[in-house]
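Working notes, structure below.
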Amino acid sequence: MAEIYAISDDILMPENLALDYTREILECGVKFFQFRSKKAVKNEKLASEILNLCEKFGAKFIVNDDVKFAKKIGTKAVHLGKDDENIKEAFEILGKDAYVGVSCYNDINLAINAAKNWASYVAFGSIFTSPTKPNAPKCGLEVVKEAKQILNLPICAIGGINEANIGSLSHAKPDLIAVISAIYKNGNIKENIKNLQKIIKNF
């Protein structure tokens, strides 16, 4: 069954609510949480506290696009852009047992190369128009489906996924479904996640 992959957002998950929101996410059984901050200076204390929460719940805490920050706060999990050198550098800095996810957008060849460089998972998107990344290139579900057939690693679908459209991913069968906006809608974290989980349970 596909799993929800939760991603933080500087606006939708403000720092004063971040720990409460994270706890609610984890209490729903979510096992993948990405700390995605675009601030010039990331909040190291907050990231460390969220990491501790994730460890308590047995969830993977993944830092977006900043290997050195991941090393600094003590996690071995990162999510990177498409650059192969970044993948190699991540393993050099975080160790051979690092957990490295890679964005492949709509390009199956990027995913093949990432797999050759020992990526832990690959992500495709934007599947739908994303409220947090409106200009992101689109990726059809046929790409996700093809990746599932030819790659032997987890496949993540990302981009504009919400309660209204998540059901359409069923035939592509991604292993992970990354969600941002739909998790934080109206601040009803648990209700939102449970509604998403109810739909993917039938995939």
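Residue numbering for the sequence shown follows this note's numbering, beginning at 4 and increasing consecutively.
Glycine included, every Cβ here is placed at the ideal spot set by N, Cα and C.
Only a predicted model underlies this, so the values are computations on that prediction, with no experimental measurement involved.
Going by C-alpha positions, Lys79 is about 8 Å away from Asp100. Secondary structure in the segment 62-120: the alpha helix (DSSP H) runs of 4 residues or longer, each lying completely within the stretch, are 70-76, 87-97 and 111-119 in chain order. Judged by DSSP in its simplified three-state form, Leu20 adopts coil rather than helix or strand. Per DSSP, Ile7 lies in no alpha helix (DSSP H); the unbroken beta strand (DSSP E) holding it starts and ends at Glu6 to Ile10. Secondary structure at Leu179: strand, using DSSP grouped into helix, strand and coil. Ile202 sits away from Ala185, with the two beta carbons spaced by 9 Å or more. Here Ala160 carries a strand assignment [DSSP, helix/strand/coil]. Gln200 is not bridged by DSSP to any residue. For the 9 Å CB-CB criterion, Gly163 and Gly128 form a contact. Between Lys34 and Glu58, the C-beta spacing is not below 9 Å.
Separation of the CB atoms of Ile96 and Val66 is rounded to 12 Å, and the pair is thereby denied contact status at 8 Å. Beta-carbon to beta-carbon, Val105 and Lys85 are separated by about 7 Å, close enough to satisfy the 8 Å threshold.
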